[in-house]
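Under this note's numbering, think of the first position of the sequence shown as 820, with each following residue one higher.
Beta carbons: idealized from backbone N, C-alpha and C, even for Gly.
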Amino acid sequence: MRLPCLPILHAFLIWTAAGCALSPKLTQWERDFYYSEKLYIDGQNELAAKRFGRLRASATDPRDADEAGLLECESQARGGLPAQGAACYDVLATSAIDKPMRMRALLHAGELRYYELRKVNDAVALWLALVERAPDEPATLRALDHLYLHGERDRSKRQAMIGQFLALEARDPRSEIADNLLLRAAMLLDLEGTPTAWQQAVELLERQERSHPEDATYVDCVMTRARIYRKLGALQLEARDLERLVNTFETSYVFASYTYEEQRLASARLIELYRGPLLNLPRAEHHARNLPAMLRRPLHMPRYLVTLAEVQEAKGERLAAMATYREILSFVLWRAKDFKDNDHRICSELPTGAERSACKQEVDSYAAIEPKECAVARERIERLQVELRRPNLGQPSSRKPGGS
820 MRLPCLPILH AFLIWTAAGC ALSPKLTQWE RDFYYSEKLY IDGQNELAAK
870 RFGRLRASAT DPRDADEAGL LECESQARGG LPAQGAACYD VLATSAIDKP
920 MRMRALLHAG ELRYYELRKV NDAVALWLAL VERAPDEPAT LRALDHLYLH
970 GERDRSKRQA MIGQFLALEA RDPRSEIADN LLLRAAMLLD LEGTPTAWQQ
1020 AVELLERQER SHPEDATYVD CVMTRARIYR KLGALQLEAR DLERLVNTFE
1070 TSYVFASYTY EEQRLASARL IELYRGPLLN LPRAEHHARN LPAMLRRPLH
1120 MPRYLVTLAE VQEAKGERLA AMATYREILS FVLWRAKDFK DNDHRICSEL
1170 PTGAERSACK QEVDSYAAIE PKECAVARER IERLQVELRR PNLGQPSSRK
1220 PGGS
């Protein structure tokens, strides 16, 4: 009996075969390119460079020639010929058809001169030219990183780099990298370590926040300014910036935002400030209690809970503090059981009985290990219980004098 679905299947197979037969075959140039890429990946740099050079010369499409030329330069650099690689990149930086390719070649030419050939001034000149000519290219941000690190390493060059960044920003305050230029200039001023330089950095960061409030550098701007305020002793202003950061990004962890680590640091510093020099225990408790669940990772949860309990104790809320300390013990007990069950499951998948038995013994041997916060919690629960049983002699008696 012939099934009704077979004609459909037969037609599908014929159509698929026809499609495969009509698909274009690789050209000889493409096969040579892929083979050269394999040599490049395998680390046969000298042979790969020669093959990519021939491919660049024989390519009919200029973009194919540029791609082969880029890999030729990279193979030369990786093969221990940085001068030859830098010269190769120089040619590509002027001859490539597409601007992104030219700027990428310019970036790599500077990297080889700076890190391999030790021609620092030549490299800096290339990176500055890249930043000036192509502020909207991806290679530009990497060039800015190199220029910033140059100023960070060499204090004698720092003021010059600050001046270059500010001059580039003033030339086009609306460019794609204007916020990055202001931020990096402020970071270099911060490294100068003087109150005058710190104040100048604060002014640049305030201008950055006003002019670029929606840009990706906003978080770095606010965090850098808060750190500078701390160095200047302006703790109220530091707290203001940290509060702004936490409030702005308090739900960002839901979207796996890159800012969550900065938010955690800001919250931790605010707790420290509000428990100490800017005494404000309600705000300290707010930040200790409201750290997003994503930040309170299982490994760090006991530490966060100890901080919360300490703030509650400082506020005189002993019962709440005891409950929080007990939560530490409950959490660690649950976590240990969860880890132990998971490890036992892994042990059960081992091939032999001897391996399974040894694995389970090892798991059981360390399952009882507790974080130090558990000992802290038990000691403080015991102390709080004693304090709660002890009569508070400072409170007025409810009995009337002479009463029964």
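Expected contact under 8 Å - CB spacing of His969 and Lys976 to nearest Å
6 Å
If you run the structure through DSSP and keep just helix, strand and coil, what is Ala997?
helix
Please report how far the alpha carbon of Leu963 lies from the alpha carbon of Tyr1185, in whole angstroms.
49 Å
Considering only their Cβ atoms, is the gap separating Ala1085 from Met1042 smaller than 9 Å?
yes
Among the candidates Leu890, Asp955 and Ala1058, whose CA atom is the shortest distance from the CA of Leu1092?
Looking at the Cα atoms, Ala1058 is the closest of the given residues.
Within a Cβ cutoff of 7 Å, which residues of the same chain sit near Lys1159, ignoring the five residues on either side of it in sequence?
Excluding positions up to five away in sequence, the list reads Val1182 and Ala1186.
Please classify Arg1003: is it buried, with 16 or more other beta-carbons within 10 angstroms of its beta-carbon, or exposed?
It is buried - the Cβ of Arg1003 has at least 16 other Cβ atoms within 10 Å.
Relative to the alpha-carbon of Leu1054, which residue among Pro1096, Glu1033 and Glu1136 has its alpha-carbon at the smallest distance?
The residue with the shortest Cα to Cα distance from Leu1054 is Pro1096.
Considering Cα atoms alone, identify which of Met922, Pro919, His927 and Arg1049 is closest to Ala906.
His927
Just tell me which of Ala915, Ala887 and Asn864 has its CA closest to the CA of Gly899.
Asn864
Measuring alpha carbon to alpha carbon, tell me which residue in Tyr1048, Arg993 and Glu971 is nearest Gln1018.
Tyr1048
Closest by CA to Glu1080, which one among Asp955, Val1065 and Gln1027?
Val1065
Provide the residue span of the alpha helix (DSSP H) that contains Tyr859, from first to last.
Per DSSP, Tyr859 belongs to the alpha helix (DSSP H) from Gln847 to Ile860.
Taking only three categories from DSSP, how would you classify Ile916?
coil
Check each candidate in Leu1124, Cys892 and Arg1029 and name the one with the smallest Cα separation from Pro1190.
Leu1124
If I measure Cβ to Cβ from Ser994 and keep anything under 7 Å in the same chain, skipping five residues before and after, which residues do I get?
Pro954
Would you mind sorting Leu960 into buried or exposed? The rule is 16 or more other CB atoms within 10 Å of its CB.
exposed
Please classify Pro901: does DSSP put it in a helix, a strand, or coil?
helix
From the DSSP output, in three-state form, read off Asn1066 for me.
helix
How big is the Cα-Cα spacing for Gln1204 and Ala1196?
12 Å
Straight-line CA distance for Arg1208 to Arg1102?
Straight-line spacing of the CA atoms in Arg1208 and Arg1102 works out to 29 Å.
Using a 10 Å radius around the Cβ and a threshold of 16 neighbouring Cβ atoms, would you call Leu1138 buried or exposed?
exposed
Suppose you measure from the CA of Leu925 to the CA of Arg1154; what does that come to, to the nearest Å?
53 Å
Is it right to say Gln1027 is buried, meaning 16 or more other beta carbons lie within 10 angstroms of its own, or is it exposed?
buried
Through-space distance from Leu911 to Met920, alpha-carbon basis
8 Å
Around the Cβ of Ser894, are there at least 16 other Cβ atoms within 10 angstroms (buried) or fewer (exposed)?
Around the beta carbon of Ser894, a 10 Å sphere encloses 16 or more other beta carbons of the protein chains shown; the residue is thus reported as buried.
Buried or exposed: Ser877, going by 16 or more other Cβ atoms within 10 Å of its Cβ?
With a threshold of 16 other beta carbon atoms within 10 Å, Ser877 falls short and is exposed.
Could you work out which residue in Ala1035, Leu858 and Leu1127 is closest to Lys1090 when comparing CA atoms only?
This sequence places Ile at residue 1090; Lys is not what is there. Out of Ala1035, Leu858 and Leu1127, Leu1127 has the C-alpha closest to the C-alpha of Ile1090.
Excluding the five sequence neighbours on either side, which residues of its own chain have a C-beta within less than 8 Å of the C-beta of Trp848, listed in chain order?
Once the five neighbours on either side are set aside, the close Cβ partners of Trp848 are Leu874, Ser877, Ala878, Thr879 and Asp883.
Does DSSP put Pro959 in a helix, in a strand, or in coil?
Checking the displayed sequence, the identity of residue 959 turns out to be Thr instead of Pro. It is helical.
CA nearest to the CA of Gln1131, picked from Leu1148, Lys1156, Ile916 and Asn1099:
Asn1099
Compute the Euclidean distance between the alpha carbons of Leu987 and Asp998, then round it to the nearest angstrom.
Rounded to the nearest angstrom, the two C-alpha atoms are 11 Å apart.
Return the Cβ separation of Pro1014 and Leu1051 in integer angstroms, given the expectation that the two are a contact with Cβ distance under 8 Å.
6 Å
Less than 9 Å separating the beta-carbons of Glu1129 and Ala1142?
no
Suppose you measure from the CA of Asp1157 to the CA of Val1151; what does that come to, to the nearest Å?
10 Å
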